[in-house]
Amino acid sequence: MNYIWDLLIQAENRGLEPSDIHFKLATSFSPYMELSPQVLNTTMIEPKVEINPYYRYAEIFNYLFQPDNEADVEIREYLLDIVIHFLADIDRMQGMNRKEYFIRFLLQEFTANTFGLAAQQEIQELTKAEQEIVAFHMIHMYQTGDILYNFKETLKKLFPNCAVYIKSEGRDEVLLYIGQQRTQQREIKIKLIRTLFMPIGFTLDIYWAHHFGIVDVEETMKIDQIALY
């Protein structure tokens, strides 16, 4: 990480809010780097981050921290933190494409309870990356009208070891093998995906750690590891 926007993205991916990060003028810094961590190649994110504000923003901060100016130091440090956060937001927006804007707008709709209170609460249980996966496939579903494809792809992205089987003989049915132990958080993910993507009229049968038996498929025919269908 060398740039302020990169650090904030990494922080969000680890569940931190931008307000959890406080930027301050480094006591000593390299003229060739924006961030000035004590350990150059560190991947840790500290709540207080020392930076070189002159690396890209010398015109803004050139007169803020003159060596002979000892007045209002606390206010000037506070101002530096606010402005750096603002500049980082501009950085990120300039690097976004149309798809990323759509994803951000759609996630704001969840916060506004557009999809209901249950969905608003459930999506908060997902990581930021998982939320973006859900939003991306919702947009793709609206654009293409292909509900089942995006239903399956969302499940596969959130549960990499899962297998999805669609049955249309007799009744519309989805068989979902997760390949993981059952937990409350995983149940919430499936409930959200089911609400947002599953076509009306379909039923869903979930198999967690054990796959149902399929003739001639050895992986599904292991003794004491076969789920009943």
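Quick note on my numbering: the sequence shown kicks off at 41 and runs consecutively.
For every residue, glycine included, the Cβ atom is placed at its ideal position computed from N, Cα and C.
It should be emphasised that the depicted structure is a prediction, and the values quoted were computed from it without experimental measurement.
| Check | Outcome |
| --- | --- |
| Beta-carbon separation (whole angstroms), residue 21 vs residue 60, contact threshold 8 Å | Nothing about residue 21 can be reported from this structure: the residues present for the chain run from 41 to 269 only. |
| Collapsed DSSP secondary structure at residue 104 in the structure displayed | coil |
| Start and end residues, beta strand (DSSP E) containing residue 245 | 243–247 |
| Per DSSP, cross-strand counterpart(s) of residue 217 | 203, 247 |
| Residue 58, buried or exposed, once every other Cβ within 10 Å from all chains shown has been counted against 16 | exposed |
| Range of the contiguous beta strand (DSSP E) that encloses residue 63 | 62–65 |
| Whole-Å CB distance - residue 92 paired with residue 74, under 8 Å assumed | 6 Å |
| Inter-residue CB distance, residue 159 and residue 232 (contact presumed, cutoff 8 Å) | 6 Å |
| Beta-carbon proximity of residue 142 to residue 179, cut-off 9 Å | yes |
| Local Cβ density within 10 Å of residue 115, reported as buried at 16 or more and exposed below that | exposed |
| Sequence-distant residues of the same chain with beta carbon closer than 6 Å to residue 137, five excluded per side | none |
| Beta-carbon separation (whole angstroms), residue 9 vs residue 163, contact threshold 8 Å | In this structure the chain extends from 41 to 269, so residue 9 is not present and cannot be described. |
| For residue 85, the three-state DSSP class (helix, strand or coil) | coil |
| Minimum C-alpha distance to residue 250 - residue among 216, 123, 109, 225 | 216 |
| Same chain, Cβ closer than 7 Å to residue 42, five either side skipped, listed in chain order | 73, 74, 75 |
| Minimum C-alpha distance to residue 193 - residue among 205, 213, 90, 177 | 177 |
| For residue 48 and residue 169, believed in contact at Cβ under 8 Å, the rounded distance | Not quite, the Cβ-Cβ distance comes to about 15 Å (not below 8 Å), so this is no contact. |
| Presumed contact (8 Å Cβ cut-off) between residue 112 and residue 62, rounded CB distance | No, residue 112 and residue 62 are not in contact; Cβ-Cβ is about 18 Å, not under 8 Å. |
| Nearest candidate by alpha-carbon position, reference residue 244, set 219, 204, 221, 226 | 204 |
| Environment of residue 157 [buried if 16+ CB atoms lie within 10 Å] | exposed |
| Spatial distance of residue 144 from residue 133 (CA atoms) | 11 Å |
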